[in-house]
Amino acid sequence: MTQQLQHRIICWSLSLIIASISCVFGLPASVNAQSISNTHPTQIATVSASEAFRNAYNQRYTWDKNFPGYSAEVSITHQGDIDQGIVRVQPDLSVDVINVEPEDLRELVANTVKMEIIHRRQIPFEQLHGNNDFELKGKDEYGALKINEMGDNSYYKVKGDVITQVNRSFGDVAVTVDTLGTTKTPEGYLVSHFKTTFCDAQTDEVLEKEDVRDFHEKVGNYYLLTNRTIRYAKEENPEEKPVADTRIRFNDIQPL
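FYI, the numbering for the sequence shown is -33 to -1, 1 to 223, going by mature numbering (1 follows the signal peptide of the UniProt record, and there is no 0).
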């Protein structure tokens, strides 16, 4: 595998760290989506930062405790190279990737599945964020609430009960995740489009940008990731690239 691909897999590992800690990408809550974004400025103060963040967190689509796990055929295409294998997700949410021989591609597939699992599993808000305070820092130019999570060095944006941005730092790398699209299901909302930007924490130099689009399908009683495309860039906007750099497809999905 090339050094470039290895760098991108490191970036995906960072995305996994973000997901494992925050378990959030913009999802609507039980109140109307206009309740915060269109609220008069004098009324915004009545909505606490913790309430806004909790509302956005609690309505994400998750799997229940009866989730059976599944197996699937996986194919990964990266810049013309194609590999295939098998993915198994056990009921305890452990992951096995079989017969994808290049280690770097196997890690990319595994991290993709693990990140999806982290977003789908049910973790009470109090368990992840109950010990931290939240501070409302006003609004951005688009009307999104700017929220700091004290004690965790995290910064969020919430608009219309959707977490539209997550910011974290890991050593010398600062990571920003922007939610660009969601898909509505009867049981909740799934993130279908997001962009991750990796920067030097000291200089703000952009190290890499990743534009990710996901497609989910309902298999049995659960929505599962069936297709992911990834576009990479540094200077330009990866979203504008006509062809994805990496495509991961999950076929013949069977509940265990």
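We put the beta carbon where it would ideally sit given N, CA and C, even for glycine.
Please read all numbers here as calculations on a predicted model, not as lab measurements.
CB-CB length for residue i against residue j, believed under 8 Å
i	j	result
V129	I114	12 Å between Cβ atoms; not a contact.
Y37	L223	6 Å
L157	Y189	Actually they do not touch by this definition, with Cβ atoms about 11 Å apart.
V144	F161	6 Å
I84	V41	Wrong, their Cβ atoms sit about 14 Å apart, outside the cutoff.
Q94	D139	With 8 Å as the limit, Q94 and D139 do not qualify as a contact, their Cβ atoms being about 29 Å apart.
Between the CA atoms of residue j and residue i - distance to the nearest angstrom
i	j	result
L120	S136	For the record, residue 120 in the displayed sequence is Asn; it is not Leu. Distance between the alpha carbons of N120 and S136: 8 Å.
residue 225	R216	Nothing can be reported for residue 225, as the shown portion of the chain is limited to -33 through 223.
M117	E102	7 Å
T193	A111	31 Å
F165	V76	20 Å
V210	T44	12 Å
R21	F92	7 Å
Q26	S159	15 Å
T131	D107	11 Å
A200	V54	28 Å
N33	D219	21 Å
Y109	N66	46 Å
G105	G127	14 Å
residue 250	D48	Absent from the model: residue 250. The displayed extent of the chain is -33 to 223, so no value can be given.
L174	Y122	20 Å
E172	P35	44 Å
residue 225	E18	Any question about residue 225 goes unanswered here, given that the chain covers just -33 to 223.
E203	E184	31 Å
residue 224	L147	Examination of residue 224 is not possible in this model, given that the chain is present from -33 through 223 alone.
H96	V186	31 Å
H86	S15	24 Å
Buried/exposed call for residue i, threshold 16 Cβ in 10 Å
i	result
M82	buried
I197	buried
N78	buried
T149	buried
N98	exposed
K208	exposed
8 Å Cβ cutoff met for residue i and residue j
i	j	result
D212	Q46	yes
P205	D178	yes
R73	V62	no
Y28	T163	no
D181	Q89	no
is_contact[residue i, chain D] using C-beta, thresh 8 Å
i	result
V76	The structure shown contains no chain D, having only a single protein chain.
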